[in-house]
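Take 3 as the starting number for the sequence shown in my numbering and just add one per residue.
No residue lacks a Cβ here, since even glycine has one placed at the ideal position from N, Cα and C.
Please read all numbers here as calculations on a predicted model, not as lab measurements.
Here the structure comes first, spelled out in structure tokens, and everything after it is commentary.
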Amino acid sequence: LELYEDSRCPVCATFEQTVGETVQNGVDSGTFKIKYVGATFIDNSDNGTGSKNALSALGAALNVSPEAFLQYKTALYSAKFHPEETSDTFAKDSYLIEVADSVSALKGNKAFQKDVTDGTYDAWAMKMSAAFDKSGVKGTPTLKLDGKQLTAEGTENPPMTVAEFNAAVTKALKG
Numbered sequence: 003l004e005l006y007e008d009s010r011c012p013v014c015a016t017f018e019q020t021v022g023e024t025v026q027n028g029v030d031s032g033t034f035k036i037k038y039v040g041a042t043f044i045d046n047s048d049n050g051t052g053s054k055n056a057l058s059a060l061g062a063a064l065n066v067s068p069e070a071f072l073q074y075k076t077a078l079y080s081a082k083f084h085p086e087e088t089s090d091t092f093a094k095d096s097y098l099i100e101v102a103d104s105v106s107a108l109k110g111n112k113a114f115q116k117d118v119t120d121g122t123y124d125a126w127a128m129k130m131s132a133a134f135d136k137s138g139v140k141g142t143p144t145l146k147l148d149g150k151q152l153t154a155e156g157t158e159n160p161p162m163t164v165a166e167f168n169a170a171v172t173k174a175l176k177g
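Pasting the structure below:
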């Protein structure tokens, strides 16, 4: 399962809040493996750095562990921490570290915090964003399973409910 998202994207936040646990269950059960492709296009349209900084912080979390990455991504998209799209809140390292303190593997983790404040994974974030740009994906969230885009039945939109997601996965695995 390829998942294309921009950390500042409000629709991505809604997707993660609604379907994220179901996606994680699919990974945990072995139904599929996940490949995350992060984008920074909202930074370009809103003249900010929050998408890049959040993606860089996700790289720092991945350096801790894949589980820390997934838990941190969930926290960034949570209703508690996700800012309005036009707010460049994720540009602030202090805010990214505050969100990370809600993840046990990252709470008080000095190496992670240093990587965030030093921008250690900025180049990785921009490589990831370049991969997104080259993918041909036009919007976020976009989901592809075995190369086929997952959509809600009868639409070109991503599945935004658990039922739509499960139906799209079932259809893709059969087809």
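Can you tell me whether residue i is buried or exposed? The criterion is at least 16 other CB atoms within 10 Å of its CB, across all chains shown.
i	result
Pro68	exposed
Thr144	buried
Thr142	buried
According to DSSP, is residue i part of a helix, a strand, or is it coil?
i	result
Tyr97	helix
Asp8	strand
Leu152	coil
Lys109	coil
Taking Cβ positions, are residue i and residue j nearer each other than 7 Å?
i	j	result
Asp90	Val118	no
Lys150	Ala174	yes
Ala59	Leu98	yes
Pro12	Glu100	no
Ser53	Thr42	yes
Met162	Phe17	yes
Within the continuous alpha helix (DSSP H) that includes residue i, where are the two ends?
i	result
Lys75	68-79
Ala174	164-176
Gly22	12-31
Would you say residue i faces chain D, with C-beta separation under 7 Å as the test?
i	result
Ala81	No chain D is present in this structure, which holds just one protein chain.
Name the DSSP bridge partner or partners of residue i?
i	result
Val139	BP columns for Val139 are empty, so no partner.
So residue i is in the beta strand (DSSP E); what residue range does that whole segment cover?
i	result
Val39	37-41
Thr119	Element bounds for Thr119: not the beta strand (DSSP E) but the alpha helix (DSSP H), 112-120.
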